[in-house]
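First comes the structure, then the notes that go with it.
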Amino acid sequence: MSATPTGYLTRRGDADHLAWDRTFDAPASQVWAAITVSERLAPWIGTWTGDPADGFVMFSMNAEGDEGSTPMRYDIPACDEPRLLKVDCVSDWGTWNLGLELAEADGVTTLTMTQLVNDVAAIENIGPGWEYYLDRLVLAETGGDVAGAAWDDYYPAQREHYVALADTLEPGIRERLGPPQG
249 MSATPTGYLT RRGDADHLAW DRTFDAPASQ VWAAITVSER LAPWIGTWTG DPADGFVMFS
309 MNAEGDEGST PMRYDIPACD EPRLLKVDCV SDWGTWNLGL ELAEADGVTT LTMTQLVNDV
369 AAIENIGPGW EYYLDRLVLA ETGGDVAGAA WDDYYPAQRE HYVALADTLE PGIRERLGPP
429 QG
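Each number in the working numbering corresponds to the 1-based position in the sequence shown with 248 added.
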């Protein structure tokens with residue numbers, strides 16, 4: 249996969265969001281399954297348990313080592329199959345307000361994923377992280393090897409792109425963030 253960052257800022261309502269697009273030569277129903285069915289999530293990000301009809305699931309990531317494997321509650325404030333899914337989580341890593349929107353035209357589906365910007369300083373890590381996972385999704389759905397997406401190709405390689413985006417929201421953030429961590 250390419251380490252070229254694709255994330256951008258978008259305004260939704262009165263809030264800033266990070267956004268990423270990925271395109272699939274597949275109907276929306278197939279892409280919907282890849283982002284909602286636990287067994288289809290497993291190859292690229294993790295699995296969930298529970299009953300979504302309850303308004304939440306317990307989600308465990310599988311590519312984060314031990315720290316990501318602890319199940320976290322993800323509330324589901326909106327679900328309009330196969331067009332829109334919104335999930336929210338509050339964890340030790342922050343507040344995650346995610347949106348996944350699907351648009352299909354002529355058998356090609358575009359997935360637009362957004363994350364509400366709750367912490368401008370976190371953009372430098374969030375951006376490369378979602379690039380990594382979305383590329384893993386593309387690999388999983390196209391028969392590729394998800395191991396082909398190597399974390400080191402994303403962070404710190406894409407950090408500067410996301411620091412520049414953050415700097416447009418909070419001028420001077422670049423100086424406060426300093427060099428990449430880890």
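Glycine included, every Cβ here is placed at the ideal spot set by N, Cα and C.
Per DSSP, glutamine 363 lies in no alpha helix (DSSP H) segment; the continuous beta strand (DSSP E) that holds it begins and ends at 356–364. Given a length threshold of 3 residues, each whole run of the beta strand (DSSP E) inside the region 275–315 is given here in chain order: 294–297, 304–309.
Methionine 361 is classed as buried because its beta carbon has at least 16 other beta carbons within 10 Å across all chains shown. Between the beta-carbon of proline 427 and that of tyrosine 403 there is about 13 Å, and that puts the pair past the 8 Å contact cut. Per the coordinates, the alpha-carbon of valine 279 lies some 23 Å from the alpha-carbon of tryptophan 399. Going by DSSP, aspartate 415 is part of the alpha helix (DSSP H) stretching over 407–417. Of all alpha-carbon atoms in Ala282, His265, Asp264, the one lying nearest the alpha-carbon of threonine 271 is that of Ala282. The DSSP-derived three-state label of aspartate 340 is coil.
Following the DSSP letters along the chain, one finds tyrosine 322 inside the beta strand (DSSP E) bounded by residues 320–328.
Per DSSP, reduced to three states, the secondary structure at arginine 260 is strand. Straight across, the Cα-Cα distance linking glycine 392 with proline 275 is about 19 Å. Of the residues assessed, arginine 260 falls on the exposed side of the cut-off, its CB having fewer than 16 other CB atoms within 10 angstroms. Distances from the CA of aspartate 383 to each of Trp268, Leu257, Tyr256, Glu349 were compared; the closest alpha carbon is that of Trp268.
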